[in-house]
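Numbering (the working numbering), first residue to last: 1 to 179.
Yeah, the Cβ is synthetic: ideal placement off N, Cα and C, and Gly gets one too.
Keep in mind it's a predicted model, so treat the numbers as computed, not measured.
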């Protein structure tokens, strides 16, 4: 049940990230057209792109991890015995938990500061609040760590049971990944 809820949240956040990226493309096109055709760029495009890229990245992090879409280096992994591969999978997931857990923990204070101080990016005509992006770093890194926790549990079960780990929801098995 928890895994299904997590997968639903990851897909919902991925959809939001895709919509945001789609809308961002219109902002960039308007800026390019404004600059090249009318000699007047769209004010605040730089700030909008900076904030949006951070938001898009963290909105899709949970899905990328859960679906097996994160960077996968298997130059050594595929040459190890099955048990050693499973041990490496567990260790990799534990490192993912540690890394994204530290990112989450380290991002809480900056997010709260941005909220309390009403921090903005940009000057003049367009000022964009920073707190939504900062809180998405907290949420995205928390969900990333949580997804690595789920992977660690799955891989640990596979390690001790001797069975192969379940494929990610994307259906892409490790041997099917593009090398």
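Item                                                                                                                        : Value
Extent of the continuous alpha helix (DSSP H) run through residue 110                                                       : 82 to 117
Residues of its chain near residue 70, where Cβ-Cβ distance is below 7 Å and the 5 sequence neighbours each way are ignored : 64
Opposing strand residues paired with residue 128 [DSSP bridges]                                                             : 121
Range of the contiguous alpha helix (DSSP H) that encloses residue 25                                                       : 2 to 37
Stretch-stretch touch, CB-based, cutoff 8 Å, three pairs: the stretch 20 to 29 with the stretch 79 to 86                    : no
Buried versus exposed, by CB contacts within 10 Å (16 or more), residue 130                                                 : buried
Counted within 10 angstroms of its Cβ, other Cβ atoms place residue 186 as buried (16 or more) or exposed                   : Because residue 186 is not part of the residues shown, which for the chain are 1 to 179, the question remains open.
Backbone secondary structure at residue 72 - three-state DSSP                                                               : coil
Exposed unless 16 or more other CB atoms sit within 10 angstroms - verdict on residue 163                                   : exposed
Beta carbon of residue 42 nearer than 8 Å to that of residue 19                                                             : no
First through last residue of the alpha helix (DSSP H) which encompasses residue 42                                         : Looking at the DSSP string, residue 42 is not in any alpha helix (DSSP H), and its letter there is neither H nor E.
As assigned by DSSP and simplified to three states, the class of residue 162                                                : coil
Buried versus exposed, by CB contacts within 10 Å (16 or more), residue 38                                                  : exposed
Classification of residue 13 by the beta-carbon crowding that lies within 10 angstroms, buried from 16 upward               : buried
Cutoff 8 Å; reference residue 108; Cβ partners in own chain excluding five residues on either side                          : 138
Per-residue DSSP class, three states only, for residue 141                                                                  : helix
Same chain, Cβ closer than 6 Å to residue 111, neighbours up to 5 away in sequence not counted                              : 134, 135, 138
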